[in-house]
Amino acid sequence: MLNQLLKQPSFSRDNMISLLSVKGDDTQKVLNRALEVKAATVGRNVYLRGLIELSNVCAKDCYYCGIRKANSRVHRYTLTDEEVFQAADFAWRKGFGSLVIQSGELSSPGFASHIERLLKGIHQRTNAELSVTLSCGEQPYEVFKRWHEAGAHRYLLRIETTNRALYDQIHPQNPLHAYAKRIEALEDLRKAGYQVGTGVMIGLPGQTIADLADDLIFFKSLDVDMVGMGPYIEHAETPLFEKFMLLWPAAERFRMSLLMIAGLRLLMPDINMASSTALETLDPLGRQSGLLAGANVVMPNLTPVINRINYQLYNNKPNLDKDPALSTSSLNEVIEAIGEKICYFEPGTSRHFLKRQG
Ligand code: 5AD
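For the sequence shown, the working numbering assigns the number 2 to the initial residue and increments by one for each residue that follows.
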């Protein structure tokens with residue numbers, strides 16, 4: 002039965018529910034099939050995106066996130082332009098091919114011009130050889146457009162969960178956190194010409210396997226180019242921590258995250274998919290496991306070490322003390338050891354996007 006299901010050319014919502022419901026040895030069967038499909042479509046290639054956590058200053062109050070506005074224990078920082086340019090230069094020299102600038106969410110003219118200035122400065126200093134992804138939250142269409150014109154061609158905005166009721170449980174009920182606005186932003190990103198990425202958290206309190214299958218079907222219906230998803234990890238200084246007792250055990254959230262990656266590789270074989278840092282938080286070999294389940298993107302953290310302690314979205318975030326130079330020197334070995342190849346000096350544009358462009 003499972004063998005047959007795994008060989009199907011297309012998958013329904015019910016198929017995805019069956020896939021995500023496997024237990025025991027069948028889990029590995031699903032992961033193996035996803036690796037086969039990855040090898041046959043995008044190849045066993047890994048693309049690097051240097052991650053710069055620009056600022057933890059945030060206007061939002063998402064109940065799950067450690068850097069939410071109301072968390073007064075967080076020391077707020079914003080990197081200087083020079084720090085950002087140095088990280089970009091490091092990525093460029095090391096042949097990472099691409100960068101992600103992630104930030105707490107601010108919506109202001111000052112923030113819009115800050116990002117625009119950084120984009121222009123990065124491209125100027127790196128001979129416009131780095132592809133840049135932004136992950137800076139919901140913004141007006143005009144701002145998305147402006148940033149695109151300044152040289153950001155990819156954008157990540159997670160939907161977090163497509164179950165509306167659950168979305169409302171994990172966000173404050175006000176216009177700043179409205180589900181409809183999130184969807185609108187994803188549509189605006191597409192219109193503005195971006196390669197669009199989204200994603201969800203896996204194992205949220207109260208989330209079901211059917212919800213997760215719906216998330217995968219949503220990615221397909223939105224025809225996304227990139228996905229980043231990973232386990233939900235509780236943070237003690239957030240309101241959602243109260244629902245701790247409803248959580249699946251960490252090992253189960255980890256297993257479900259791998260099944261989600263594998264399921265999506267079967268459903269959308271040519272997209273780019275990140276092996277998330279959250280996976281590594283739950284298992285020291287999590288990053289490799291993600292790649293072996295069908296992911297093809299790794300995001301080494303290039304944030305200056307002194308700031309990392311303040312960018313903790315969840316508890317026990319790894320590599321808080323790892324110097325970028327050190328963490329990237331071992332990366333090649335670790336990835337080659339599992340039979341994958343890092344593609345240096347390549348932008349690693351989503352094949353799905355290239356195909357859509359024609
Ligand atoms: N556990 C896992 N992921 C989280 N994120 C935020 N808080 C948590 C958490 N507690 C993720 C969200 C967000 C991304 C930047 O980090 O999905 O979109």
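We treat Cβ as the ideally placed atom computed from N, Cα and C, and that holds for glycine.
Predicted, not measured: the structure shown is a model, and the values here were computed from it.
Cβ separation of residue i and residue j, assumed to be a contact under 8 Å, to the nearest whole Å
i       : j       : result
Arg-155 : Gln-103 : About 12 Å separates the two Cβ atoms, so there is no contact after all.
Glu-84  : Pro-305 : 6 Å
Leu-293 : Ile-343 : Going by Cβ atoms, the distance from Leu-293 to Ile-343 rounds to 15 Å, so no, they are not a contact pair.
Glu-106 : Ala-60  : 6 Å
Met-261 : Ile-203 : 6 Å
Gln-140 : Ser-108 : 6 Å
Leu-49  : Val-201 : About 23 Å separates the two Cβ atoms, so there is no contact after all.
Leu-55  : Thr-79  : 7 Å
Gly-96  : Phe-346 : 4 Å
Leu-158 : Ala-181 : At roughly 14 Å, the Cβ-Cβ gap does not stay under 8 Å, so Leu-158 and Ala-181 are not in contact.
Val-47  : Glu-341 : 5 Å
Rounded straight-line distance, which links the Cα of residue j to that of residue i
i       : j       : result
Ser-22  : Ala-166 : 22 Å
Asn-57  : Gly-98  : 25 Å
Ser-222 : Asp-216 : 10 Å
Thr-127 : Cys-137 : 22 Å
Val-144 : Gly-194 : 13 Å
Ser-276 : Asn-33  : 16 Å
Glu-243 : Tyr-64  : 10 Å
Ala-93  : Ile-53  : According to the sequence provided, residue 93 is Trp. The question's Ala does not apply to it. Cα to Cα, the separation comes out at about 13 Å.
Leu-321 : Pro-301 : 12 Å
Ala-89  : Ile-123 : 7 Å
Arg-147 : Leu-190 : 11 Å
Asp-169 : Glu-334 : 43 Å
Tyr-312 : Asn-4   : 42 Å
Leu-7   : Leu-36  : 12 Å
Arg-352 : Pro-206 : 34 Å
Lys-356 : Leu-177 : 35 Å
Phe-12  : Arg-266 : 11 Å
Ile-184 : Glu-130 : 31 Å
Arg-288 : Tyr-142 : 34 Å
Lys-39  : Arg-45  : 7 Å
Gly-295 : Pro-285 : 18 Å
Leu-248 : Pro-173 : 20 Å
Asn-164 : Thr-209 : 10 Å
Thr-239 : Glu-281 : 21 Å
Phe-86  : Asn-175 : 36 Å
Leu-119 : Gly-264 : 36 Å
Thr-350 : Gln-125 : 21 Å
Ala-153 : Ala-252 : 36 Å
Asn-72  : Thr-28  : 38 Å
Thr-134 : Glu-150 : 13 Å
Glu-337 : Lys-30  : 22 Å
Leu-241 : Glu-235 : 7 Å
Val-43  : Phe-219 : 22 Å
Tyr-233 : Arg-69  : 15 Å
Phe-91  : Lys-323 : 15 Å
Distance cut-off 7 Å: residue i Cβ against heavy atoms of ligand 1
i       : result
Ile-234 : yes
Met-300 : no
Tyr-65  : yes
His-266 : The identity of residue 266 in the sequence shown is Arg, whereas the question assumes His. No, the beta carbon of Arg-266 sits no closer than 7 Å to any heavy atom of ligand 1.
Gly-231 : yes
Met-202 : yes
Tyr-156 : no
Arg-159 : yes
Ala-251 : no
Leu-314 : yes
Ala-279 : yes
Segment contact, 8 Å Cβ cut-off, at least three pairs: the region 217–236 with the region 270–283 | With three or more CB-CB distances shorter than 8 Å, the region 217–236 counts as touching the region 270–283.
Answer yes if the region 301–315 comes into contact with the region 251–270, meaning at least three C-beta pairs across the two stretches below 8 Å, and no otherwise.
-> They do not touch, by the three-pair rule.
Enumerated in chain order, which unbroken segments of the beta strand (DSSP E) with a length of 3 residues or greater are wholly contained in the region 266–334?
-> Segments of the beta strand (DSSP E) lying fully in the region 266–334: 273–276.
Is it a yes or a no for the region 204–216 touching the region 5–23, going by three-plus beta-carbon pairs under 8 Å?
-> Using a C-beta cut-off of 8 Å, the region 204–216 makes contact with the region 5–23, since at least three inter-stretch Cβ pairs fall below that distance.
Contained alpha helix (DSSP H) runs [length at least 4] in the region 159–202, N- to C-terminal order = Contiguous alpha helix (DSSP H) elements confined to the region 159–202 occur at 165–170 and 180–192, taking only those with 4 or more residues.
Please go through the region 25–49 and give each complete beta strand (DSSP E) segment of 3 or more residues, from N-terminal end onward.
-> The region 25–49 is shown to contain whole beta strand (DSSP E) runs of 3 or more residues at 46–49, in chain order.
Start-end ranges of the beta strand (DSSP E) lying completely within the region 110–161, minimum 3 residues | For the region 110–161, whole beta strand (DSSP E) runs of length 3 or above, ordered along the chain, are 132–136 and 155–157.
Please specify which runs of the beta strand (DSSP E), each continuous and at least 3 residues long, are wholly inside the region 59–106, giving them in chain order.
-> Along the length of the region 59–106, whole beta strand (DSSP E) runs at least 3 residues long occupy 99–104, reported in chain order.
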